[in-house]
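Numbering (my numbering), first residue to last: 6 to 388.
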């Protein structure tokens, strides 16, 4: 089913899927050549965005069997394993190695050699996946679908009419995520970040509940990707939340990366902390700084008015916020409606006085002054 109306659900969904697929494909050759870790990262980002679009627009789409979210997820997972190893290497080299003493740097070289072998193995799997029949079928089927989309009846609906219905469920899942309550305390019935946690307490909490924060980060990404898909329908009203979500995603990513690095070191040697004490200290300090940054975002989005503000924006698509204007108009109308009865009452009183004074002159015309209040009252009532 094709449609020429660009403002429909079907068109937005089709354009979103096509854009993500094309951008992901652009990185295939660089990823296969393994020339720059950033290429793999960007391809993985586009595949995640593709998955998000499939999830959100699912009620309106009929995707081919070989080109559904599950198939995209399989490819993304292969890329994700290599990406985790790439991040470990980048973090060790740029963030920690420069501050290590000579003895620990020599020890770190052994870690890097082990890491390089793991990276090579992961890359071979990525390259094999990109050459697989499954991946080629996924691309071919999805390209055919975007050229002639098969959609359900709801795809013909105006996008502005259903944007709240598409967006609010995803945002609701984000607000209800248990990760927001991690490391909080209750003050007068309100959850707030516990800012007095020690480095050791944060470390223990992260070790026990890391999967919860990682899950929250994935939900933040899904919401941010989808907000980007529809942002043109809201003008610049989503800009602040998009920037805040991007920063939050980076902060949670830093926390997750520190745990992945620690797990890798533990696989290398169970006594790695004793062998690399400076690295251990730097890792904990870095994690604690990221935790403090996370708490700032946590405090912001645990505040009801900030959550409600995003909901209100999503409820009413449009380049400008209509609520303030509507409120002003409503206030003006209310004042006018309240003033009108008083004005009519004053007019009636004046009319009675005029009639009393002119009982002997009924044929005389009413003066302009006596008729003016009635006109003003009518005008106020109309407003």
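We put the beta carbon where it would ideally sit given N, CA and C, even for glycine. Being a predicted model, the structure only gives us computed values, none of them experimental.
Terminal residues of the alpha helix (DSSP H) in which residue i lies
{"i": "residue 133", "result": "107–135"}
{"i": "residue 220", "result": "204–235"}
{"i": "residue 39", "result": "Unbroken run through residue 39: none, as it is neither H nor E."}
{"i": "residue 94", "result": "74–96"}
{"i": "residue 240", "result": "Element bounds for residue 240: n/a, residue is neither H nor E."}
{"i": "residue 200", "result": "From DSSP, residue 200 is part of no alpha helix (DSSP H); its letter is neither H nor E."}
{"i": "residue 99", "result": "That residue, residue 99, is in no alpha helix (DSSP H); it is neither H nor E in DSSP."}
{"i": "residue 276", "result": "From DSSP, residue 276 is part of no alpha helix (DSSP H); its letter is neither H nor E."}
{"i": "residue 308", "result": "Note, residue 308: premise wrong, no alpha helix (DSSP H); not H, not E."}
Closest by C-alpha distance to residue i, when choosing among the options
{"i": "residue 130", "options": "39, 250, 19, 13", "result": "39"}
{"i": "residue 65", "options": "117, 189, 18", "result": "18"}
{"i": "residue 162", "options": "233, 311, 14", "result": "14"}
{"i": "residue 246", "options": "217, 229, 171", "result": "229"}
{"i": "residue 306", "options": "46, 133, 37, 179", "result": "179"}
{"i": "residue 134", "options": "109, 101, 92, 83", "result": "83"}
{"i": "residue 119", "options": "241, 216, 266, 75", "result": "266"}
{"i": "residue 108", "options": "291, 279, 136", "result": "279"}
{"i": "residue 54", "options": "296, 42, 26, 41", "result": "26"}
{"i": "residue 21", "options": "36, 51, 45, 46", "result": "51"}
{"i": "residue 73", "options": "158, 147, 116", "result": "147"}
{"i": "residue 261", "options": "299, 235, 283, 242", "result": "299"}
{"i": "residue 196", "options": "186, 256, 202", "result": "186"}
{"i": "residue 270", "options": "288, 255, 256, 201", "result": "288"}
{"i": "residue 97", "options": "121, 85, 75", "result": "121"}
Cβ neighbour criterion (16 or more within 10 Å) applied to residue i
{"i": "residue 208", "result": "buried"}
{"i": "residue 309", "result": "exposed"}
{"i": "residue 387", "result": "Its pLDDT being 40, under 50, residue 387 is placed unreliably by the model, and nothing is read from it."}
{"i": "residue 61", "result": "buried"}
{"i": "residue 174", "result": "exposed"}
{"i": "residue 244", "result": "exposed"}
{"i": "residue 87", "result": "buried"}
{"i": "residue 95", "result": "exposed"}
{"i": "residue 323", "result": "exposed"}
{"i": "residue 294", "result": "exposed"}
{"i": "residue 194", "result": "exposed"}
{"i": "residue 225", "result": "buried"}
{"i": "residue 263", "result": "buried"}
{"i": "residue 67", "result": "exposed"}
{"i": "residue 125", "result": "exposed"}
{"i": "residue 281", "result": "buried"}
{"i": "residue 302", "result": "buried"}
{"i": "residue 29", "result": "buried"}
{"i": "residue 139", "result": "exposed"}
Beta-carbon separation (whole angstroms), residue i vs residue j, contact threshold 8 Å
{"i": "residue 71", "j": "residue 143", "result": "6 Å"}
{"i": "residue 198", "j": "residue 304", "result": "5 Å"}
{"i": "residue 77", "j": "residue 59", "result": "7 Å"}
{"i": "residue 184", "j": "residue 220", "result": "6 Å"}
{"i": "residue 238", "j": "residue 164", "result": "6 Å"}
Identified DSSP bridge partners for residue i
{"i": "residue 192", "result": "195"}
{"i": "residue 163", "result": "13"}
{"i": "residue 156", "result": "66"}
Any non-hydrogen atom of the ligand SAH within 7 Å of residue i CB
{"i": "residue 179", "result": "Annotation note on the ligand SAH: not contained in the displayed structure, which lists no ligands."}
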